Amino acid sequence: MQFRDDFLWGGATAANQFEGGFREGGKGLSTADVISNGTRKEPRKISLNMDPSLYYPSHQASDFYHHYKEDIALMGEMGFKVYRMSIAWTRIFPQGDEETPNEEGLLFYDHVFDELKRYGIEPMVTLSHYEMPLELTKKYNGWADRRVIDFFMKYCRVVFERYRDKVKYWLTFNEINSAMFAAGGYMGLGILNDQEKEQISLHDQKDIPDVRFQGLHHALLASAKAVKLGHEINPDFRIGCMLAMLVYYPYSCNPQDMIKSQQEWQKFNYYCGDVQVRGAYPSFSKRIWKEWGVQIRMEEGDEQILKEGTVDFISLSYYMSNCVSSDLTKECTEGNIVGGVKNPYLKTTDWGWQIDPDGLRYTLNEIYGRYNCPIIIVENGLGAYDQVEEDGTIHDPYRIEYLRDHIEAIGQALEDGVDVFGYTPWGCIDLVSSGTGEMKKRYGFVYVDADDYGNGSFARSRKDSFYWYKKVIASNGRDLD
Ligand code: BG6
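Under our numbering, the first residue of the sequence shown is numbered 1, with each subsequent residue one higher.
Structural data, given as structure tokens:
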């Protein structure tokens with residue numbers, strides 16, 4: 001296995017799951033700030049007016065807002081070359097549609113980037129990771145309204161100019177393709193069609209496909225415009241898309257299963273990927289629009305915008321794989337964003353996600369084969385329960401095994417000829433789960449002493465995987481033992 005000498009080893013987080021400080025530094029409320037916690041069985045709830053009887057995990061999250069120096073020092077100790085994080089749009093434009101940005105919010109990220117620089121860690125910044133100013137949802141129904149593109153562009157211009165010499169790598173929207181899935185309307189696009197309700201289950205929002213697809217079109221336009229603007233502001237910027245890899249194997253060699261698998265790949269992965277990497281909607285979009293009964297309203301010039309805003313690289317998340325079957329009676333599993341038919345060859349995590357390192361090699365080959373564009377894996381990891389021993393140690397061999405197998409799979413993909421230039425495991429320091437809002441679903445190399453309700457000291461401790469990952473980085477992926 002030969003990882004390139006400048007391979008970007010690191011870790012990843014997102015503001016709404018990690019930062020906390022939700023009312024500090026002039027920050028406004030984001031769409032994520034009004035989503036309660038949940039469990040594997042009990043879905044999270046959205047309540048625009050915040051129900052005092054519910055707990056909202058983004059408010060404290062892991063309190064990176066107050067711990068960033070300590071956290072970045074830990075990343076430095078592990079030898080990180082890159083740290084993928086997101087900017088909370090609401091720290092910069094608290095309501096989303098103001099004229100001038102919030103200086104205190106901008107300063108916070110200045111401090112973070114300066115601290116990263118001290119340790120030689122390159123930031124990779126997601127502009128929108130499953131959150132946007134709540135006011136934009138209330139006033140415009142999020143991305144459903146084309147005017148939101150201009151608010152987003154204003155935010156992009158401000159951060160691109162401010163951090164012109166501090167940040168080189170940018171990602172536009174986290175898992176933009178999650179909006180292809182009905183419940184992705186609020187998380188991905190800030191679209192909420194039943195705003196009059198006091199509480200709405202995150203899994204059961206009122207879906208209006210026409211509104212959702214139009215909202216996604218606006219976000220895709222905004223992504224393309226951001227790429228173009230970023231390159232104008234600093235030609236050295238490298239700007240990528242971010243796709244959730246929703247991997248669907250045919251359950252059997254029944255040709256119907258094969259067709260179904262192909263269609264899921266097209267719908268979930270290639271619809272957005274083709275727009276962002278190739279610069280145009282793919283031919284099969286017509287079939288997808290027909291299936292959902294939607295019609296995208298394009299304005300003159302939209303096609304040109306998409307064409308001019310193709311990305312420099314692809315970033316992706318990969319956690320698991322699914323199967324599809326034409327036999328609708330087959331047993332199903334849970335999963336990242338969406339589940340699928342159970343694969344009898346795979347084990348599952350404590351949260352029912354199927355563990356499949358070969359699926360990562362397969363996916364990297366598929367994506368690189370289609371797009372011939374450099375890839376970085378910006379999310380991968382095992383959400384698991386961790387136990388703190390009496391002496392304070394945390395033994396997490398299950399996490400090491402998961403990550404080792406996936407790094408080996410990346411090595412195999414490199415041998416297959418895929419250009420992978422980095423790897424940032426998810427939740428490198430424990431954070432709140434996006435799917436369930438729990439803290440006990442932990443991904444980190446570093447343990448954060450906080451429970452599902454924000455009780456705890458928020459002290460950080462190194463897990464066994466911390467020392468292991470440090471070795472992996474120091475040996476550039478050669479020492480995985
Ligand atoms: C990805 C998201 O889909 O999966 C992250 O980009 C999320 O925000 C991650 O945290 C893991 O999912 P979960 O539900 O375990 O937090």
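Ideal Cβ positions, reconstructed from N, Cα and C, are used throughout, including at glycine. Please read these numbers as outputs of a predicted model, since none were measured by experiment.
Here the region 295 to 313 does not lie against the region 359 to 368, with fewer than 3 beta-carbon pairs under 8 Å apart.
Per DSSP, R162 is one residue of the alpha helix (DSSP H) stretching across 148 to 162. Looking at the backbone, the Cα of Q205 and that of W289 are separated by about 20 Å. Judged by their CB atoms, W9 and G79 are nearer to each other than the 8 Å cut-off. I376: member of the beta strand (DSSP E) spanning 375 to 379, first to last residue. Between F313 and P235, the gap from beta carbon to beta carbon reaches 8 Å or more. Annotated three-state conformation of E122 is strand, per DSSP.
A224 carries a helical assignment under DSSP once its states are collapsed to helix, strand and coil.
Spatial neighbours of D356 in its own chain (CB-CB distance under 7 Å, excluding positions within 5 residues in sequence) are listed in chain order as M320, S321, L346.
Taken from the Cβ of T349, every heavy atom of the ligand BG6 lies 7 Å or farther away. A contact is defined here as three or more CB-CB pairs under 8 Å, and the region 51 to 64 meets this definition with respect to the region 426 to 446. A Cβ-Cβ distance of about 20 Å is found for the pair W170 and L216, leaving them out of contact under the 8 Å criterion. By the Cβ test, the region 370 to 388 is in contact with the region 400 to 408, since at least three Cβ pairs between them sit closer than 8 Å. With fewer than 16 other CB atoms across the displayed protein chains lying within 10 angstroms of its CB, P344 is exposed. Taking 7 Å as the cut-off, the C-beta of T436 counts as close to a heavy atom of the ligand BG6. Beta-bridge analysis with DSSP links P133 to S30. In this structure, K441 has its CB closer than 7 Å to one or more heavy atoms of the ligand BG6.
Residue side-chain check: A14 places its Cβ nearer than 7 Å to a non-hydrogen atom of the ligand BG6. Here the C-alpha atom of G422 lies approximately 16 Å from the C-alpha atom of K471. By the 16-neighbour rule on beta-carbons within 10 angstroms, C428 is buried. Burial state of E415 is exposed, judged by a 10 Å Cβ sphere holding fewer than 16 other Cβ atoms.
With a cut-off of 7 Å, the C-beta of W426 is classified as near the ligand BG6, since at least one heavy atom of the ligand falls inside that distance. Residue nearest to A179 within the set R44, Y83, W143, E196 is W143 (criterion: CA-CA distance). For G383, the Cβ falls inside the 7 Å cut-off from some heavy atom of the ligand BG6. Counting C-beta atoms within 10 angstroms of its own C-beta, M245 has 16 or more neighbours from the protein chains shown and is therefore classed as buried. Relative to the Cα of E135, the nearest Cα in the group D451, T31, E291, R361 belongs to T31.
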